[in-house]
Every structure is written in structure tokens, then in C-alpha cells.
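Numbered per this note's numbering, the sequence shown spans residues 891 to 1338. We put the CB at the ideal spot given by N, CA and C, even for glycine. Predicted model, so just to flag it, every value in this text is computed and none were measured. A short write-up of the structure that comes next.
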Amino acid sequence: MNATPTLEMLDPTTLTVDTNVRKEAGLTKEFVASIKEHGVLVPVVAHRTEDGTVHVLMGQRRTLGAVEAGAATIPVLVGASPEEAERLATQVVENDHRSALTDGDRAEAFHQMALLGVSASVIARKMGAKKAVVETALKVKANATAAQALDQGLTLEQSAVIEEFADDADAVATLERLATENSGNFAHRAQRLRDERKNNALLAEACAEAAAKGLAVLEEDPSYYDYKGPAALISALTTAEGERLSETDADAVYIGIGYSGLMTRFAVADWKARGLRKDGKAPAGGMTEEEKAARREVIENNKAMDSAEVVRREFVKTLLARKALPKNAQKFIAHTIAHSSYILTKALNKTELTAELLGTGTGYGEFTAYVDKPTTKPETVTLATMITAYETNIDRTSWRSSNSSNRYYLTQLTAWGYDASDVEKIILTEPETTTEETTESADEPEAA
């Protein structure tokens, strides 16, 4: 807008409100009453077209409020018509300094500018936004399911997750419910869904490869305590002459996901039919319903702990990237030195995790180079080392035997803004007693 604007007193009902990045004007009773009593104090910014129509550029809310209040005239600063992309950028800047725009409003502005051919880099520069945020917003707006979620009030970050799972209606429904009812668990559930999707893809690929080799894929693990089928693992079988079997003798396989990843167990689909012998004796009776329920709980919570670790460490990375240490960080460091020296000693040999949390790369050379940089804050490195001590102490089974160190660490993280998952809340609330062991081990397959 290059022409010198002029201040005019105009009837608000004659003004046309241009397409605005703010979808909701937010006319409260208090706002309208204020206009009735005092009028519009800050001039509306507008531009006049060739046909004489005055279009509002900035001041949509004031204009609509004046109409609602029945104001005869309002001050309008009338200038030349701006370029569309410049107009949108100006609106975002102006609104962000007043009543903050929603994520949906801002994403809509980015989307409108992109439709005009403006690149993400230029949009970011004009709007004062990060390029990554602009790209995320455009990706969300390009997906109908995610765009609808954003319009319904989900944050841009949450809507980006919806876009990620847009092809899974059940996942979308779960995430949308959590976003409105239990937002603290949103990130944890999203990570769990990612883990399940990754594991299912690994299982599908492995099962397809096994089937292509002529192996029958078993739905149940023959080594399970209550397995009653005809199959058996080759490790438990011998020939009639007492010779051990090898993988080449297998005609079936059980594939699952264990703590270390994909697990393949070769078996014989019907060992009796092949005239083989099985080691040991069959268990005297199956598992009770209580034992089965306990085993399911172990499997479920172990998986939940794996997913929680990813979310928790992402939070830590963000925490350590801040310009200043979080509140009580020095006390946290001192407490760790005084009360958790054992796990701290182990952490000093885990510099690859400390480096990962600091975002320096996981190589030892990269870490030492980062520490030696003049701009590196020693206190941040120290805090990262303390956190590494706790992170290496927590594993997927920690929910079963909560201890004071783990509880202290998670308590401090929540004080710094971390939303603990449901399984981590067990560590936060349970006394230091070890639960009774079940038949499920950390390395036993959990899915097939």
C-alpha cells in the first residue's frame, strides 16, 4: 500500500469486510457494549476500489462490532488497494499483536498465500513464522481430515498428527477424542500408534517372506505356557533316534515382536504326525484367568513404556534446547549427585545418549566438540548428563518395581511441563514394592 491514506468517518454498514484470516470475529457482549459507549477508538484500515466500494483490510472485528452496536460512523483510514498476498501477511501480523489468531486462522492465511503461488520460505519471511511451521500448516490444509480437525479447534501440532493417520479412521477418532478430553495423553497415544504401525509392517513383511519359503506361519507361540496346539519349536524336538533338529527341518514359524525387535522362532506344525519326540512334559493345566489377565497387563504396559520413552525424550530435547535452564534445575543436579550417584556413574559412560538429548549427534567426537564450543553452556551439559542417568535407569519394566530415583525424575519432569503417560503414572504413584512375576519376560514375543 503505497498511496498516502486518508482518515474518513464512514457508516460501518456500507463497508465490505474482505476475506479475513480470522474465521471468527469473536464479538463478545462486553466488546459491543464498549463500542456503544465509547465508539471505535482505533481507526479501521481499508482500501477503496475503482467502483467506490470500501473494503476493510484490518479491523474486521471493530467493523462488525460497530454494526452490532448501531454506530452511525466509525473512523476509517482509507488507502490504496494492496496486493492480495501482502494484505494477508499484514492481517496476520496485525492480528497477532492484538487478539491472537488461532492455529486455524494462521494456517488458513498460509494456505491462501500458497494458492497465490507464494513459496513456504517467502510466507515464513513475510509472516515472521518458522518455515517448518508453514510447511506443516500447508500439509495439514492439503488433507481434508486434518484440515477439519484444525477447524474444530485442534492445535496445528495435533492436526499434523491427524494428517499422519488420516487413512486410519479408528486412530483418528481416538486421537480427536484425546485432544478434547485428555490432551496430556495425545502425544503418548500417537507414539503408540506409530510403534504399532511400524511393528505391524515388520510382521507383515516377515510373514510374507516366511510364507514364500513354504513355511506355515503360526498364530500362537508354541512355547507359551498354555499353548495346546500340535506345533512345537524345533529347539524342543528330536528325531526318533534322539537327534536334534535344525532350522532346515522346520515347516512352520512363529513371528513376533520382542524387546529387541522382530523375533522368529522355527517350529514343526505337527510334531506328532512327523514322528518326532518332544522334550519335557506338558504343563499340568492351563493358565488361570487371573494369570492371563496379569500377562496381558505386562505385555500392554511394556509396550506403553517403550512408546513413552520416545515422547519423554522428545520433551527432554526441547527442554534442553531452551535458552535458560528450567526452574530448580540446579537443585535437581545437586539432588542427583547426592542421592543417585550409582546411576550417575553409569551415565558417564553413556555420552551417546547425552549427545542425542542435546541434539549434537551421537558420536563421541561430536559430543566433545559441542562441549568445547565457547557458546556451549556448561550447566546445560551438566543437566543433560543428570537426565541421562535417569533415562538409562528407566526401562520397559520399571512400572513393575517403582523406585525413588525413577519417581523423583518423573516428578521433576512433570513439574517442568511433561505430561506423563498412564503407565508412567504408575511409577509416580505406586509404593516401592515389586509386583509378582508373570510368565511374560522382557524378551518374549508380544505380537504375531
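Boundaries of the beta strand (DSSP E) around R1155: 1151 to 1158. Excluding residues up to 5 positions away in sequence, V968 lie with their Cβ nearer than 7 Å to the Cβ of T896 in the same chain.
In the structure shown, the three-state DSSP call for P965 is strand. In this structure L1108 touches A1142 by the C-beta definition: roughly 5 Å separates them, less than 8 Å. By the Cβ-count criterion, Q1042 is exposed, with fewer than 16 other Cβ atoms from all chains shown falling within 10 Å of its own Cβ. Distance check between L917 and each of E1066, L954, E1137 places L954 closest, using alpha-carbon atoms only. Within the stretch 1187 to 1231, the runs of alpha helix (DSSP H) at least 4 residues long that lie entirely inside it are, in chain order, 1219 to 1229. With a minimum length of 3 residues, there is no unbroken run of beta strand (DSSP E) contained wholly in the stretch 1224 to 1299. H945 is bridged by DSSP to T906, H937.
Going by beta carbons, I1223 and T1272 fall inside the 8 Å limit. With respect to the C-alpha of G994, the residue from E958, L1044, R1015, V934 having the closest C-alpha is L1044. Ranking M1003, L1046, R1082 by CA distance to the CA of V1200 puts R1082 first. One Cα belongs to G929, the other to E958, and the distance between them is close to 12 Å. Classified as buried, P1112 has 16 or more neighbouring CB atoms from the shown chains inside 10 Å of its CB.
In the three-state reduction of the DSSP assignment, G994 falls in the helix class, which pools H, G and I. The Cβ neighbour count for M1276, taken over all protein chains shown within 10 Å, is at least 16; the residue is labelled buried.
Of all alpha-carbon atoms in M948, E1179, T1035, N1192, the one lying nearest the alpha-carbon of D1058 is that of T1035. DSSP places K1021 within a helical segment (H, G or I) once states are collapsed to three. For G955, the enclosing alpha helix (DSSP H) has its first and last residue at 950 to 959. Take the alpha-carbon of D1309 and the one of D1169: they are about 49 Å apart. By DSSP's assignment, L897 forms a beta bridge with L967. Sequence-distant partners of A997 (beyond 5 residues in either direction) whose C-beta falls short of 7 Å from its own C-beta, in its chain, are A1027, V1030, K1031, L1040, L1046.
Between V1158 and A1101, the CB-CB gap reaches or exceeds 8 Å. Inter-residue distance for I925 and H937 is about 23 Å (C-alpha atoms, whole angstroms). For R1015, the closest of F1000, S1049, D1060 by C-alpha to C-alpha distance is F1000. Ranked by Cα distance from L1209, the options T1258, T1270, L1243 are led by T1270. Annotated three-state conformation of V1107 is strand, per DSSP. For I1316, the enclosing alpha helix (DSSP H) has its first and last residue at 1312 to 1319. CA-to-CA, the gap between K1315 and D1085 works out to about 20 Å. For the stretch 1016 to 1103, the full-length alpha helix (DSSP H) segments reaching 4 residues or more read 1021 to 1031, 1034 to 1041, 1046 to 1054, 1059 to 1071, 1076 to 1102 along the chain. Going by DSSP, I1145 is part of the beta strand (DSSP E) stretching over 1142 to 1148. For V922, the enclosing alpha helix (DSSP H) has its first and last residue at 919 to 928. V944 is positioned such that its CB atom lies no closer than 8 Å to that of L1006.
Nearest to T906 by C-alpha distance, out of M948, V932, L931, is M948.
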